[in-house]
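Protein chains in written order, with this note's numbering: chain S, 1 to 267; chain L, 1001 to 1343; chain X, 2001 to 2317. C-beta: ideal position from N, C-alpha, C; glycine also. As the structure is a computational prediction, the values presented were derived from the model and not from experiment.
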């Protein structure tokens, strides 16, 4: 163990990593602190109070928006990651084939064009579909989110797959393992870190999306970012900080349990 | 495996899509974000047994883009004055004739014959206010009722100014300072305007909509601002004073209107009539701190609204200037000036 | 992966060729099925909107937004050539050129910054024992579950004139008066790095995690220095991750506008703002569409060159 650590060590890298972690959390700390601010300002401290937590619990708008944001992020990250994994498998570790670059370009297309343009154009397209089919609902928003999460999930998975040696898979195939078995027993486990990274990115970009959501959302589909955007002109109150803090704590507890269970199992 | 995933996806999609059924007893409101009083909505829901959903937009233009494409599912929108006239012209609003409704008599007569909806056949007042600027009276002690503070900033305000990040608000303020007409396409005058804006911009620190945070955090000492937001900022920084510049300032009114093809037309009409009741109009004002244009609502409003210098205009202030939408030629000129200013 | 048994007597080489052929066909089909869902969904809901944008860019602006169905090249002409509003002279459009170059410069700088911070971080995570790695990844992404606007406001508290950093430095006696960071390009630069750091760290991690330790061991056996090992072995092996990370930071950084607006003070336009206002108060959808397509063409071209080059590099290496 000690020897392995030595091998991988690079001077200053751990310091930079800890610095990044610190820098990433410094604003989050501020945000948590200001959720306990008695004043209605998110930038000027007065005194400690829990009033914004009560107000946030009382605010149907915020509660509904949070629920929709989470639902949307889970669904779109789930499908986005699956589609991205499949596409990544098809566009790596082969000789370049006809149409590969085209496929690559198509997969990454949602990244290439500023969001507002996609938003306006999707708006036109969805309006037309609604007209023709009469179907309404949150499905459109899920579709739109899934589309732009794909490239974010695709990139890490592709990076993982590229240069992944074919040796193991070939060995399995040589032992007459059927292709699906090769995939689930050999390729997939090797891919997991890439998939985890991709899914996390997909989740985050869906959770944070403003512009496409603003244009595509129908009645009753206000997400948290849209709610916050609307609040800017009237002044953002620490209610939003309170909600963010609750989400933060909930996700920490949730993930901590997950890791504890996982650790036990591996032991 | 693959087919399973796809079919699950389809099933999920279909299940979700049924969630906003256009059942009876619903009303979908599309208003500016965080602008609708929850108390008002609860009261309406209980009175008529109608389920209301509220969604927010960030600008008139976002709302227009969505509505123009059709099939939004919304019944009620709350456009600003100039946007009402655009939407009427484009045939996007339902002619609901509020002037024949039971509560119409409560509408202050000065808000009936307005340029954006003469005689009120499409819309009723929601709230109205002014867009001027607010300045810290401890930082600048001179006369504040002039746009010179923005365009020829005194030394103590240089680099301490925030302007709204809004093409029309900035350009209209400049035109007033120079004494030129709004919706201007006179090239000589626009040239002078461009030079003025570029010179003045050197003294501005920021151009942003989040005026309250900028003022209360002490980042700036003067900000172009809406009157209601100024009142909120003053609550945290008492030395702020709202200016009524002698060169003039913008007036605006947001109005409740019903979209053409609204899925719940009758409910929407009920709502339009409902908010013209003085007691209900007061709920709107109490939440968002702007005046509402309904006579008799004052007794039901929070006392501080009745005395706020941001809302009660001094007698010697010029009348608020309501600016109609400009034609495309003017907008193209403005775009060029705006891009030049912010390049 | 084995060819069906052939009954007729043929030579081994023929059998082999046949088996290869079948294998190749099967691979092609698998590839197609794998690509299909992604391509279909992006094709329908990514490329169709793109085509709509393309059509819009060749039309005339409608009154009060939207488009008028009349063919016109005005949007593209407007992008490159400016007709002076005062004397009608024609000149290259410097305003757009300066907006584009500032955006590209800031985004490029942020990509570089994110790489310099992100690479060691990703490497450090990858060098942690296996069961800790996912936890670290989670630590890196967790701040991003909080809305961008709210995070940016929190950043303002830290970097403003009377902010935490300035107060700390002044209390420590390092500086006498506050350093102005907020509402400058520096603030935008820091903000962009902050906003996109995980987009760099996660792909890097994905490619560093599978690093072959035997190669490093071999290098050390040959008395390579730590720095040599980094530049000659680790960096080349991490290239796919570096490419992916840079793409995910650079391109969204180009279109970003919430961060530049809040931290930069909104006095200058970025490409993202320029395009967005065309669909708002500027009421010029065709120009907004054209500007977006020009931006996309530039990015796409750079990306394709990069991928082609990257793929070649990987094969040779």
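Fewer than three Cβ pairs drawn from the segment 1071 to 1087 of chain L and the segment 1291 to 1298 of chain L lie within less than 8 Å of each other, which leaves the two stretches out of contact. For a cut-off of 8 Å, the C-beta gap from residue 2253 (chain X) to residue 2187 (chain X) is around 15 Å, too long to register as a contact. In this structure, the beta-carbon distance from residue 230 (chain S) to residue 1058 (chain L) falls below 7 Å. Counting other Cβ atoms within 10 Å of its Cβ, residue 1186 (chain L) stays below 16 and is therefore classed as exposed.
A distance of 7 Å or more separates the beta carbons of residue 187 (chain S) and residue 69 (chain S).
Here residue 1224 (chain L) carries a strand assignment [DSSP, helix/strand/coil].
Contact annotation: in the segment 29 to 58 of chain S, residues whose CB is within less than 7 Å of a CB in chain X are 30, 31, 42 and 43.
Looking at the DSSP output, residue 2061 (chain X) sits in a beta bridge with X:2067. In the displayed model, residue 2209 (chain X) falls within coil according to three-state DSSP, outside both helix and strand.
Excluding five sequence positions before and after residue 2160 (chain X), the CB atoms of its chain that fall closer than 7 Å to its own CB belong to 2182, given in chain order.
For a Cβ distance threshold of 7 Å, residue set 116 of chain S lies close to residue 2276 (chain X), ordered along the chain. The distance from the Cβ of residue 1283 (chain L) to that of residue 1222 (chain L) is about 33 Å, inconsistent with a contact at the 8 Å cut-off. Within chain X, the C-beta atoms nearer than 8 Å to that of residue 1064 (chain L) come from 2064 and 2065, in chain order. From the listed residues L:1056, L:1323 and L:1256, the smallest Cα separation to residue 1096 (chain L) is found for L:1256.
By the C-beta density criterion, residue 1264 (chain L) is buried, having at least 16 other C-beta atoms within 10 angstroms. Fully contained in the segment 105 to 192 of chain S are the following alpha helix (DSSP H) runs of length 4 or more, in chain order: 115 to 133, 139 to 161, 167 to 174 and 179 to 182.
When the Cα atoms are used, residue 2088 (chain X) and residue 1329 (chain L) turn out to be separated by approximately 14 Å. For residue 156 (chain S), a Cβ of chain X is located within less than 7 Å of the residue's own Cβ. Closest by C-alpha distance to residue 2037 (chain X), out of S:259, S:80, S:144 and S:246, is S:80. The way I'd put it, the segment 2163 to 2174 of chain X doesn't touch the segment 2204 to 2213 of chain X; fewer than three beta-carbon pairs between them come closer than 8 Å. Below the 7 Å Cβ cutoff, chain X contributes 2226 as neighbours of residue 11 (chain S), in chain order. Contact of residue 2095 (chain X) with chain L by beta-carbon distance below 7 Å involves 1339, 1340 and 1343.
Setting aside the 5 residues that flank it on each side, residue 1083 (chain L) is surrounded in the same chain by 1060, each with a C-beta closer than 6 Å to its C-beta; the list follows chain order. In the three-state scheme derived from DSSP, where H, G and I count as helix and E and B as strand, residue 2014 (chain X) is classed as helix. Rounded to the nearest whole angstrom, the CA to CA distance from residue 141 (chain S) to residue 1138 (chain L) is 49 Å. Between residue 2239 (chain X) and residue 2082 (chain X), the alpha-carbon positions lie close to 42 Å from each other. C-alpha of residue 219 (chain S) to C-alpha of residue 137 (chain S): approximately 8 Å in a straight line. Under the rule that a run must span 4 or more residues, the alpha helix (DSSP H) segments found entirely inside the segment 1284 to 1321 of chain L read 1303 to 1307. Across the segment 1260 to 1294 of chain L, no CB contact with chain X closer than 9 Å is found for any residue. Going by DSSP, residue 1056 (chain L) is part of the beta strand (DSSP E) stretching over 1051 to 1057. Straight across, the Cα-Cα distance linking residue 2093 (chain X) with residue 2099 (chain X) is about 10 Å.
If you check the CB distance, residue 119 (chain S) and residue 211 (chain S) come in under 7 Å. A straight-line Cα-Cα distance of about 53 Å links residue 1247 (chain L) and residue 2116 (chain X). Residue 110 (chain S) and residue 213 (chain S) have their C-alpha atoms roughly 14 Å apart. Counting other Cβ atoms within 10 Å of its Cβ, residue 2122 (chain X) reaches 16 or more and is therefore classed as buried. Counting only Cβ-Cβ distances below 7 Å, residue 1232 (chain L) has no contacts in chain X at all, with the closest Cβ about 16 Å away.
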